[in-house]
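Trainee:
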Amino acid sequence: MIITRKIFFLISLLLSSLLTSAQGFLRTNDREIVNDNGPVLLRSIGTGNWMIQEGYMMQSTNASVNTHTQFRAKLNEIIGEDKTTEFYNYWLLNQFKESDLDSMKSWGFNAVRPALHYKWFTLPIEQEKRNLSGELENTWLSQGFEMLDSLVAWCSKNEMYVIFDMHGTPGGQGKDANISDYDTKYPSLWESADNQKKLVALWTKIANRYKNEKWVGGYDIINEPNWNVDGTGNENGCGCEENTLLWDVHQQLISAIRKVDTNHIIFLSGNCWGNNYAGVDNHSLLKENENIALTFHKYWNSNHYNSIASWLEMRKKYNLPIWMSESGENSNQWFADAIQLFEDNNIGWSWWPVKKSRLNNVMRVTTPHSYIDLIQSWEDGQTPLDPDKTYEAVMAYAEAHKTENCSVGKDVIFAMMHNGNSEVTKPFKEQKDGQWIQSVDYDLGKDGFAYHDEISENIHVGETKWTTWNNGNQYRNDGVDIGQIEDEYYVGWTEDDEWLQYTLKISKAGVYKMQLKTSGAEGSVNILVNGQTESDNFYVAATGDSSEWTINEFNNINLPEGEVQLRIYFKNGGCNVKSFKLLPM
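According to mature numbering (1 follows the signal peptide of the UniProt record, and there is no 0), the sequence shown holds residues -22 to -1, 1 to 563 in order.
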């Protein structure tokens, strides 16, 4: 019997190994992305600030420190190059780690899209020497490749795909310098043949290094080009009619990569932050190349079918897969609706980014006070913090990005991974009668099922008009307006007909009273139990001050034993709610 069990265990290990190795390379098959086991729907997150720092994630834009290079130059100026190098080494080691990838795997993601900056792999052309033929040499830096080696190893261990995203190209690929690290003092990617050659050489080097890695999913060769490459559009490439230079550079990259690597998918991006494919029909790019896919990005617009109809038409027209390779920066409601829209139409996706100091990420960074003080001193433009305090502040910020120091945005994860069933909800935590239940701990789920709020998503309506979707922006990434007073959170800015649902465990069937802790304006609430109105028009007293709380007591609420879904319905809004308790009468 013991021998049989051992044999069974060994056979199981062998089968598991065979299935893993049998997955083969990720590749395209007409309109689908597949491996040897069949179609693959990519569910990915970008690493964001790890290898290329953007001003908004470093929280330094108000100090006019918008790009990766500007941030590094600022530190060089204050703390010197040696200390700055120490900071970046620590940052790269800790901002994204294997433990982050392990978490992503456990939450249901099957891919990661690391945002790369060429400066970790090679020098800028301005620092290179020319050989006797007048050609620029390429100095290769080991640090970038070693980081990719580690990432590929982590992905292989987790059986997750890694898709390399060239987020910062030599010279910069976009007028939007925050993203591309474009420096106006030097020629861009599109203005310099030397920069284009360096990008070709870099991708050739990467492709040759990872050509046999089956958990490398592909190469996203230029992230979000945004440049007027043909004189017919605006400065960001929106409206360009031919994009000939853009497609020529893509062709150079594909040709170079294919000389060393025919295994991996090459992902293409249009102009205008990746979405303008005008002129591609007049180019040989899609006619002569195999194992390629088209990408698009989607931010701050509606999630109706029409918002992706043109991409579905492109997929059909060119008989190529499409991948929504970047989205995010919105509410949970928007996330759930967008992902459901993508998956209903067989489109894989990648979110942005995995972590930062905001609510709309799967991992949330708590910004240290020392770093807040540092950025404030930069914004004031007067006397910056001294070198020692500056060094301590940026190191503390790096420390805060460690996996173990981040908080998990379980509401964001639920929104992203439970989109297929719009009606599904889940208790935020285990909650019972007899205890104070925090108002902000309402159920996980979408608007209309776990809660209802007047506005639950962030939609960019026009060139300058944005929807104000949340007045509090604390604790959770839903439409519910949550405020904070000192260390306590509360639901505020309530409006007529909004409501919150709580899944509770009731110890014993009976008649209960509710104690509801409120502040601010007067109002009235209804209490619903399992969808039925149990008590209505309970009066909520005004306190006049949002920080002055009072307890309102409502009687004669009938509750069954076991799991109960209780809703607090704001018949007349205006009050703030901190917590409630249910007690038997």
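Quick reminder that beta carbons are idealized off the backbone N, C-alpha and C, glycines included.
1) How many angstroms separate the CA atom of residue 18 from the CA atom of residue 266?
2) Return the bridge partner residues of residue 89 from the DSSP annotation.
3) What are the start and end residues of each continuous alpha helix (DSSP H) run of 4 or more residues lying completely inside the stretch 10 to 87, in chain order?
4) Can you check which of these residues, 132, 66, 138, 252, is closest to residue 151 by C-alpha distance?
5) Once the 5 residues before and after residue 281 are set aside, which same chain residues still bring their CB inside 6 Å of it?
6) Between residue 329 and residue 23, is the Cβ-Cβ spacing less than 9 Å?
7) So, helix, strand or coil for residue 327, using DSSP?
8) Taking DSSP's pairing of strands, which residues face residue 272 in a bridge?
9) Can you tell me where the beta strand (DSSP E) with residue 545 in it begins and where it stops?
10) What residues match up with residue 562 in a beta bridge as DSSP calls it?
11) What do you reckon, are the CB atoms on residue 456 and residue 551 nearer than 9 Å?
12) Measuring alpha carbon to alpha carbon, tell me which of 145, 86, 255 ends up nearest residue 225.
13) Go ahead and label residue 538 buried or exposed: buried means 16 or more other beta carbons lie within 10 angstroms of its beta carbon, across all protein chains shown.
14) Which parts of the stretch 142 to 222 are runs of the alpha helix (DSSP H), unbroken and 4 residues or longer, counting only runs that do not cross its ends?
15) What does the alpha-carbon distance come out to for the pair residue 128 and residue 63?
16) Which of the three DSSP states is assigned to residue 458 in this structure?
17) Helix, strand or coil: how does DSSP classify residue 133 here?
18) Would DSSP call residue 479 helix, strand or coil?
19) Touch check for the stretch 285 to 300 and the stretch 257 to 273: three-plus C-beta pairs under 8 Å?
20) Would you kindly work out how many angstroms separate the C-alpha atoms of residue 125 and residue 9, rounded to a whole number?
21) Give me the Cα-Cα distance between residue 279 and residue 326, rounded to the nearest whole angstrom.
22) Might you give, ordered along the chain, the residues of its own chain that have their beta carbon closer than 6 Å to the beta carbon of residue 386, omitting 5 neighbours on each side?
23) Using only CA atoms, which one of 542, 158, 95 lies nearest to residue 123?
24) Report buried or exposed for residue -5, applying the criterion of at least 16 other Cβ atoms within 10 angstroms of its Cβ.
25) Closer than 6 Å by C-beta to residue 192: which residues in its own chain qualify, once you throw out the five before and the five after it? Chain order, please.
26) In the DSSP assignment, the alpha helix (DSSP H) including residue 353 goes from what residue to what residue?
27) Short of 7 Å in beta carbon distance, which residues of its chain neighbour residue 305, apart from the five on each side in sequence? Order them along the chain.
28) How big is the Cα-Cα spacing for residue 249 and residue 558?
29) At the level of alpha carbons, what is the spacing between residue 503 and residue 344?
30) Could you say if the stretch 157 to 164 and the stretch 137 to 149 meet the contact criterion of at least three C-beta pairs nearer than 8 Å?
31) For residue 514, does the three-state DSSP call read helix, strand or coil?
32) Taking the beta strand (DSSP E) that residue 99 falls in, what are its first and last residues?
33) Answer with buried or exposed for residue 359, where buried requires no fewer than 16 other C-beta atoms within 10 angstroms of its C-beta.
34) Nearest by alpha-carbon distance to residue 311: which of 396, 103, 357, 322 is it?
35) Is the beta carbon of residue 544 less than 9 Å from the beta carbon of residue 494?
Mentor: On the basis of the supplied data:
1) Residue 18 and residue 266 have their C-alpha atoms some 24 Å from each other.
2) Note: residue 89 is bridge-paired with 22, 139 in the DSSP secondary-structure output.
3) Counting whole runs of 4 or more residues, the stretch 10 to 87 contains the alpha helix (DSSP H) stretches 33 to 36, 46 to 72, 76 to 85.
4) It is 252 whose Cα lies nearest to the Cα of residue 151.
5) So the qualifying residues of the chain are 315, 316, 319.
6) Closer than 9 Å, so yes.
7) DSSP, reduced to helix, strand and coil, places residue 327 within a strand of the structure shown.
8) Note: residue 272 sits in a beta bridge opposite 246, 300.
9) It spans 540 to 550 - the beta strand (DSSP E) in which residue 545 sits, taken as one unbroken run.
10) In DSSP, residue 562 forms a bridge with 490.
11) At least 9 Å separates the beta-carbon of residue 456 from that of residue 551.
12) Considering only alpha carbons, the answer is 255.
13) Around the C-beta of residue 538, fewer than 16 other C-beta atoms lie within 10 Å, and the residue is accordingly described as exposed.
14) List check, alpha helix (DSSP H) in window: 155 to 158, 171 to 188.
15) Going by the C-alpha atoms only, they are around 20 Å apart.
16) Looking at residue 458 - three-state DSSP - the assignment turns out to be coil, as it is neither helix nor strand.
17) Three-state DSSP puts residue 133 in a helix.
18) Looking at residue 479 - three-state DSSP - the assignment turns out to be strand.
19) Because the criterion of three Cβ pairs below 8 Å is met, the stretch 285 to 300 and the stretch 257 to 273 touch.
20) Note on geometry: alpha-carbon atoms of residue 125 and residue 9 lie some 32 Å from one another.
21) Cα-Cα distance, rounded: 18 Å.
22) Same-chain partners within the cutoff: there are none.
23) It is 95.
24) Because residue -5 carries a pLDDT of 45, less than 50, the predicted location of this residue cannot be relied on, and the following value inherits that uncertainty. By the 10 Å Cβ count, residue -5 comes out exposed.
25) Excluding sequence positions up to five before and after residue 192, its CB lies within less than 6 Å of the CB of 3, all in the same chain and listed in chain order.
26) DSSP places residue 353 in the uninterrupted alpha helix (DSSP H) bounded by 347 to 358.
27) Excluding positions up to five away in sequence, the list reads 275, 276, 277, 316, 327, 329, 330.
28) Those two C-alpha atoms are separated by around 52 Å.
29) Using only the alpha carbons, I get a separation of about 35 Å.
30) Touching, yes.
31) In the three-state scheme derived from DSSP, where H, G and I count as helix and E and B as strand, residue 514 is classed as strand.
32) First-last for residue 99: undefined, no H or E at that position.
33) So residue 359 counts as exposed.
34) The shortest C-alpha separation from residue 311 is found at 396.
35) No.
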